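*Asks:* Quick one: structure below, then a few questions.
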Amino acid sequence: MGSIAQIVPSGISFPIRTQSLSAKQEYPFVWFAGDECEVPQTKVLVAGVGGDGCNTVEQMQNTAPSSLDFIAIDTDYMSLERLTIESKLLLGKQTAKSIGSGGNPDLGRAAAEEASEEWADRIADYGMVVIVAGMGGGTGSGAAAHLSKVAKEMNVLTVAVVSSPFEYEALKRPKVPKKG
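Here the numbering used here is used: the first residue of the sequence shown is 74, the next is one more, and so on.
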């Protein structure tokens, strides 16, 4: 088994194997085309929470792979109605009265808590949930953490993609992102 040394820009030498190995010997953990195997498919749900999250997910659905499912989640009925996303979840029908959280994260959290069972039903068949939210308003800041908690309790892998307000917006909403 011969080897040669390759010099990389940093000056460190790494041996390169000259003996040829089959792909399966070299990479035993990778399935190659032609191998007969079943790869389990995990259903992924991308959830836009609050105004920013819903708007982001609305744009994503047009360019994302068809294997992803999308849901828009908000406390504002009118905002949800304007979206083209088919699956929607209105939070806080009692607590937020379907008119939004008014920038109040505590109301956003309470609205999410009110809809916990419905959220759990919606994610029951998914292996992964990606929560997309903005941390500048009430629903995204307040509800995203609770929705993540429910998913975690159901052993659904959860990833959150959140954004903070721009600096000029922070003057108007300085404490909201810290609560989310």
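We put the CB at the ideal spot given by N, CA and C, even for glycine.
This one's a predicted model, so the numbers in the text were calculated from it and none came from an experiment.
CB-CB under 6 Å to E240, same chain, minus the five flanking residues each way: which ones, in chain order?
*Replies:* Result list for E240: empty, nothing under 6 Å.
*Asks:* Which residues in the same chain as S256 place their Cβ atom closer than 8 Å to its Cβ, once the five residues preceding and following it in sequence are excluded?
*Replies:* Here the chain has residues from 74 to 253 only, and residue 256 is not among them.
*Asks:* In the structure shown, what three-state DSSP assignment does A145 receive?
*Replies:* Three-state result, A145: strand.
*Asks:* Spatial neighbours of Q167 within its chain, please: CB distance less than 7 Å, with the 5 preceding and 5 following residues excluded, ordered by chain position.
*Replies:* The answer, listed in chain order, is E187.
*Asks:* Considering only residues of the same chain and omitting the five flanking positions on each side of A183, which have a CB-CB separation below 6 Å?
*Replies:* T168, listed in sequence order.
*Asks:* Mark P138 as exposed unless 16 or more other C-beta atoms lie within 10 angstroms of its C-beta, in which case mark it buried.
*Replies:* Exposed is the call here.
*Asks:* Report the partner residues of T231 according to the DSSP bridge assignment.
*Replies:* For T231, which the question treats as bridged, DSSP gives the partners V202.
*Asks:* By Cβ distance, which residues of its chain are closer than 6 Å to M201, with the 5 residues on each side in sequence left out?
*Replies:* Same-chain partners within the cutoff: T115, V117, L230.
*Asks:* Helix, strand or coil for L163, going by three-state DSSP, please let me know.
*Replies:* In the structure shown, L163 sits in a strand (DSSP, three-state: E or B).
*Asks:* Give the range of the alpha helix (DSSP H) segment to which A216 is assigned.
*Replies:* Where A216 is concerned, the enclosing alpha helix (DSSP H) stretches over 211 to 226.
*Asks:* For L153, which of N128, I196, S140, K170 has the nearest alpha-carbon?
*Replies:* Of the listed residues, the one whose Cα sits closest to L153 is N128.
*Asks:* Identify which residue in K161, D125, T136 has its Cα closest to the Cα of Y150.
*Replies:* Out of K161, D125, T136, K161 has the C-alpha closest to the C-alpha of Y150.
*Asks:* DSSP on G176, reduced to helix/strand/coil?
*Replies:* Reduced to three states, the DSSP call for G176 is coil.
*Asks:* Excluding the 5 residues preceding and the 5 following I196 in the sequence, name in chain order all residues of the same chain whose CB lies nearer than 7 Å to its CB.
*Replies:* Taken in chain order, the residues that qualify are L118, V202, A224, M227, V229.
*Asks:* Buried or exposed: where does G175 fall if 16 or more other Cβ atoms within 10 Å of its Cβ makes it buried?
*Replies:* When all chains shown are included, G175 counts as exposed.
*Asks:* Excluding the 5 residues preceding and the 5 following V263 in the sequence, name in chain order all residues of the same chain whose CB lies nearer than 6 Å to its CB.
*Replies:* Nothing in the structure corresponds to residue 263, since the chain is present only between 74 and 253.
*Asks:* Classify S236 as helix, strand or coil using the three-state DSSP reduction.
*Replies:* S236: strand per DSSP, three-state reduction.
*Asks:* Under 8 Å between C-beta atoms, does L141 make it to chain D?
*Replies:* No chain D is present in this structure, which holds just one protein chain.
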